[in-house]
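Protein chains in written order, with the numbering used here: chain L, 1 to 115; chain P, 1 to 113.
Glycine residues also receive a C-beta, built at the ideal position from the N, C-alpha and C atoms.
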Amino acid sequence: DSGVTQTPKHLITATGQRVTLRCSPRSGDLSVYWYQQSLDQGLQFLIQYYNGEERAKGNILERFSAQQFPDLHSELNLSSLELGDSALYFCASSGIIAGNTDTQYFGPGTRLTVL
Amino acid sequence: DQQVKQNSPSLSVQEGRISILNCDYTNSMFDYFLWYKKYPAEGPTFLISISSIKDKNEDGRFTVFLNKSAKHLSLHIVPSQPGDSAVYFCAATPSGSARQLTFGSGTQLTVLP
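Written out as structure tokens, the structure is:
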């Protein structure tokens, strides 16, 4: 158990809909990262937040947005969903626990299926 | 443009022998490298990491070697066990305050009993 939690575990929705994925980082971790794993693209970085502020953006579509709240949990919002958005979405966190700021610990993921 | 490459999609090894998984990178800005193990429908599990200031890091049965001049790293598992069977991902992160990981495509390791 990495200490990172994600809800829901599975999500099935229709094209055009909007969903919210939730992530709680390990206790004390300030950085949260979102990754997408689709069949043909592997694990791709989407966005990073650090202590509530956006720190880096990767290949994140404009239809997607994220935020990190004062209690450090994060939400990834996906809107106007398309079939191609079906994927596993992982959250990871990193921080200063055990003196290591760079190692990212991953949650179990949310499997999104768009029908 | 794949900045992190794992050229072997699969590897089979006999139990008790050494498993060697390889990874190449192209971005000179990468300064921290990690290996993750992943089972289907689960999140990647951190195994071992290495900073660019080192050329070797060891943790139990796992050793990671870094050759900066060749932009190559490898993960050695000795001895290999059937429970090690999984997909192994190499990942790298650049220097600076944004520490996003760039992943390789993964290598499926099968350890045969």
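Cutoff 9 Å: residue i Cβ touching any chain P Cβ
i: L88/L; result: yes
i: F45/L; result: yes
i: R111/L; result: yes
i: F64/L; result: no
Below-9 Å beta-carbon distance, residue i vs any chain L residue
i: A86/P; result: no
i: Q108/P; result: no
i: Q3/P; result: no
i: L73/P; result: no
i: T93/P; result: yes
i: E42/P; result: yes
9 Å Cβ cutoff met for residue i and residue j
i: Q108/P; j: S28/P; result: no
i: G107/L; j: F103/P; result: no
i: S38/L; j: L76/L; result: no
i: H76/P; j: S19/P; result: yes
i: S79/L; j: R18/L; result: yes
i: H72/P; j: D24/P; result: yes
i: K38/P; j: V87/P; result: yes
Bounding residues of the beta strand (DSSP E) (the contiguous stretch that carries residue i)
i: N67/P; result: F62 to N67
i: G58/L; result: Neither: G58/L is in no beta strand (DSSP E) and is coded neither H nor E.
i: F90/L; result: A87 to S94
i: Y50/L; result: G42 to Y50
i: H72/P; result: H72 to I77
i: H10/L; result: H10 to T13
i: T7/L; result: T5 to T7
i: Q68/L; result: F64 to Q68
i: P9/P; result: Run containing P9/P: none; DSSP gives neither H nor E here.
i: K54/P; result: Note, K54/P: premise wrong, no beta strand (DSSP E); not H, not E.
Beta-carbon proximity list for residue i, same chain, < 6 Å, skipping 5 on both sides
i: Q14/P; result: L112
i: L72/L; result: P25
i: N67/P; result: none
i: A91/P; result: L34, L101 and F103
Nearest-angstrom beta carbon gap, residue j and residue i [assumed within contact, 8 Å]
i: V4/L; j: S31/L; result: Contact doesn't hold; Cβ gap of about 11 Å is too wide.
i: Y49/L; j: S74/L; result: 6 Å
i: L46/L; j: D85/L; result: Contact flag wrong, Cβ pair sits at about 12 Å.
i: Q6/P; j: T26/P; result: No, Q6/P and T26/P are not in contact; Cβ-Cβ is about 13 Å, not under 8 Å.
i: S80/P; j: R17/P; result: 6 Å
i: S94/L; j: D102/L; result: 6 Å
i: V64/P; j: I53/P; result: Contact doesn't hold; Cβ gap of about 13 Å is too wide.
Chain-order list of residues whose beta-carbon lies under 7 Å from that of residue i (same chain, five-residue window excluded)
i: S8/P; result: N22 and T107
i: S95/P; result: M29 and D31
i: R99/P; result: T93
i: F46/P; result: L34 and Y36
i: E82/L; result: T15 and V114
i: P8/L; result: T110
i: K57/L; result: I47
i: S85/P; result: L109, T110 and V111
Own chain partners of residue i with C-beta closer than 8 Å, once the 5 adjacent residues on each side are dropped
i: T13/L; result: V19, L81, L112, T113, V114 and L115
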